[in-house]
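The numbering used here numbers the first residue of the sequence shown as 18 and each following residue consecutively.
Heads up, the beta-carbon is just placed ideally off N, CA and C, and yes, glycines get one too.
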Amino acid sequence: MHNDALNTFLTVAHCGGFHAAAEQLHITQAAVSARIRSLESQLDVSLFERGPGGSQLSEAGKYLLPYAEQMQTTWQQVSRDLKERFTDHIALRLGAQLSIWEQRLIDWVIWIETEHGKLPMTLDFDYHRDMNQAVLNRLVDVAISHQPGKDNSLISFPLQPEKLVLLARRACHFNDPDLPRFIDFDFGEDYHREVNAVLPDSQRLHVFSGNSAMGLRYIMANGGMSYYPLRLAQQYLESEQLHPVKDAPDIALPCYLTYHRDNPHKGLIEEMIQAYFQR
């Protein structure tokens, strides 16, 4: 099955029409139709139901869709791995499970560029994606996550736990009866277990998914308190726009850097981990 035909099928399915797919692919609508007809001929089924409102997937098209998406992902992974294994091309994809680790990732990238030169790199933060699974599926090369990879093909290097401090928009004591409302985050099971031991559910207000920057902006604009790494709020602490809640217990999140033991750049990755994170 030709890759162009499969990609065209996916584009039509996602765009909802042949005309929109042609615009996105920068080809003519006739070319889109020809590719779909060729694919339908190979499979001996109709993949779309054409109508005045656009093109909808037929039952056969709906059945093909997840397989086509997986085939496309596999092809992209194989193409990339072939280039990396059998050429001198190096392009690292780095990911972070939580937004509080974006700065760690950026600092590491800057160090890599200083020590190893300008390597092509992609940085990815996606709370909703299991970053260890992304490493396993070779969607990223290295990921920082709050739990180690469980698959035997993954290597997880423990980093220093992330210390979180309770910070508030106004000065206060942890035993005050009128503590500011608590802005909660979805930072994983360890975070929730630690917070549950410190604060009751009744004191919580909003959950800002894994986006700590969004929660910090909310607190600065509307008040409240939350747990943050000090390094993320340092400028607000120095200007006294934020205050550590006096006598509040700190909490710590485990932190792991995970990569595939069969990664073609495993040697370089391990060298960079040892040199940077064990300084």
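> Straight-line CA distance for aspartate 141 to asparagine 239?
Replying inline: Taking the first residue of the sequence shown as position 1, residue 141 is located at position 124. Taking the first residue of the sequence shown as position 1, residue 239 is located at position 222. One C-alpha to the other measures close to 29 angstroms.
> Does the region 178 to 195 touch the region 251 to 265, meaning 3 or more C-beta pairs lie closer than 8 angstroms?
Replying inline: The way I'd put it, the region 251 to 265 does touch the region 178 to 195; three or more beta-carbon pairs between them come closer than 8 angstroms.
> Just checking, does the region 112 to 124 make contact with the region 241 to 250 on the three C-beta pairs under 8 angstroms criterion?
Replying inline: The region 112 to 124 makes contact with the region 241 to 250: 3 or more CB pairs, one atom from each, lie closer than 8 angstroms.
> How would you label threonine 104, buried or exposed, when you count the other beta carbons within 10 angstroms and need 16 or more for buried?
Replying inline: Residue 104 sits at position 87 when you count from the first residue of the sequence shown. Below a pLDDT of 50, predicted positions are generally treated as unreliable, and threonine 104, at 49, falls in that range; the measurement from the model is reported next regardless. So threonine 104 counts as exposed.
>> At the level of alpha carbons, what is the spacing between aspartate 216 and arginine 187?
In response: By 1-based counting over the sequence shown, the position of residue 216 is 199. By 1-based counting over the sequence shown, the position of residue 187 is 170. Inspection of the sequence shows that residue 216 is occupied by leucine rather than by aspartate. Roughly 18 angstroms between the two C-alpha positions.
> When you compare each of Cys32, Val157, Asn24 and Trp125 to threonine 275 by their alpha carbons, which one comes out closest?
Replying inline: Counted from its first residue, the sequence shown places residue 275 at position 258. Checking every option, the nearest Cα to that of threonine 275 belongs to Val157.
>> On the DSSP bridge list, what partners appear for glycine 34?
In response: Here residue 34 corresponds to residue number 17 of the sequence shown, with the count starting at 1. Residue pairing from DSSP leaves glycine 34 without any beta-bridge partner.
> Taking all protein chains shown into account, do 16 or more other C-beta atoms lie within 10 angstroms of the C-beta of tryptophan 125, making it buried, or fewer, making it exposed?
Replying inline: On the sequence shown, position 108 is the one that residue 125 refers to. Buried, since its Cβ has 16 or more Cβ neighbours within 10 Å.
> For histidine 277, which beta-bridge partners are listed by DSSP?
Replying inline: If you number the sequence shown from 1, residue 277 lands on position 260. DSSP lists Leu171 as partners of histidine 277.
> Where does glutamate 86 fall in DSSP's three states?
Replying inline: In the sequence shown, residue 86 corresponds to position 69, counting from 1. DSSP, read as helix, strand or coil, puts glutamate 86 in helix.
>> Taking the beta strand (DSSP E) that arginine 198 belongs to, which residues open and close that run?
In response: Taking the sequence shown and counting its residues from 1, one reaches residue 198 at position 181. First-last for arginine 198: undefined, no H or E at that position.
> Between glutamine 291 and the rest of its own chain, which residues show a CB-CB distance below 8 angstroms, the 5 nearest in sequence each way excluded?
Replying inline: Looking up residue 291 in the sequence shown gives position 274. Same-chain partners within the cutoff: there are none.
>> I'd like to check one pair, alanine 108 with proline 137: are the Cβ atoms closer than 8 angstroms?
In response: The residue you call residue 137 lines up with position 120 of the sequence shown. The residue you call residue 108 lines up with position 91 of the sequence shown. A contact, by the Cβ cut-off of 8 angstroms.
> Count the other CB atoms within 10 Å of the CB of valine 95; is the residue buried (16 or more) or exposed (fewer)?
Replying inline: Here residue 95 refers to the residue found at position 78 of the sequence shown. Residue burial is scored here from C-beta neighbours: valine 95 has fewer than 16 other C-beta atoms within 10 angstroms and is therefore classed as exposed.
> Thinking C-alpha only, which one of Tyr235, Ala22 and Arg110 is nearest alanine 160?
Replying inline: Translated into positions along the sequence shown, residue 160 becomes position 143. The residue with the shortest Cα to Cα distance from alanine 160 is Arg110.
>> Quick check on the DSSP output: the beta strand (DSSP E) that includes glycine 68 runs from which residue to which?
In response: Position 51 of the sequence shown, counted from the start, is the residue given in the question as residue 68. Membership of glycine 68 in the beta strand (DSSP E) is indicated by the continuous run 65 to 68.
>> To the nearest angstrom, how far is the alpha carbon of alanine 47 from that of glutamine 150?
In response: To locate residue 47, count along the sequence shown from 1; it is residue 30. To locate residue 150, count along the sequence shown from 1; it is residue 133. Rounded to whole angstroms, alanine 47 and glutamine 150 show a C-alpha spacing of 39 angstroms.
> Roughly how many whole angstroms lie between the Cα atoms of serine 50 and glycine 166?
Replying inline: For the purposes of this step, residue 50 is identified with residue 33 of the sequence shown, where counting begins at 1. For the purposes of this step, residue 166 is identified with residue 149 of the sequence shown, where counting begins at 1. A straight-line Cα-Cα distance of about 44 angstroms links serine 50 and glycine 166.
> Name the DSSP beta bridge partners of glutamate 40, please?
Replying inline: Within the sequence shown, numbered from 1, the residue matching residue 40 stands at position 23. DSSP lists no bridge partner for glutamate 40.
> Alpha carbon to alpha carbon, what distance is there between glutamine 73 and histidine 209?
Replying inline: Within the sequence shown, residue 209 is the residue found at index 192, counting from 1. Within the sequence shown, residue 73 is the residue found at index 56, counting from 1. Approximately 43 angstroms between the Cα atoms of the pair.
> Helix, strand or coil: how does DSSP classify lysine 263 here?
Replying inline: Reading the sequence shown from its first residue, position 246 is the one you call residue 263. In the structure shown, lysine 263 sits in a strand (DSSP, three-state: E or B).
>> Quick check on the DSSP output: the alpha helix (DSSP H) that includes leucine 73 runs from which residue to which?
In response: As a working note, residue 73 is residue 56 in the sequence shown. First, the amino acid is wrong: residue 73 is glutamine here, not leucine. First-last for glutamine 73: 71 to 74, but that is the beta strand (DSSP E), not the alpha helix (DSSP H).
>> Assuming leucine 259 and leucine 184 are in contact, meaning their beta carbons sit under 8 angstroms apart, how far apart are those beta carbons, in whole angstroms?
In response: Here residue 259 refers to the residue found at position 242 of the sequence shown. Here residue 184 refers to the residue found at position 167 of the sequence shown. Right, their Cβ atoms sit about 5 angstroms apart.
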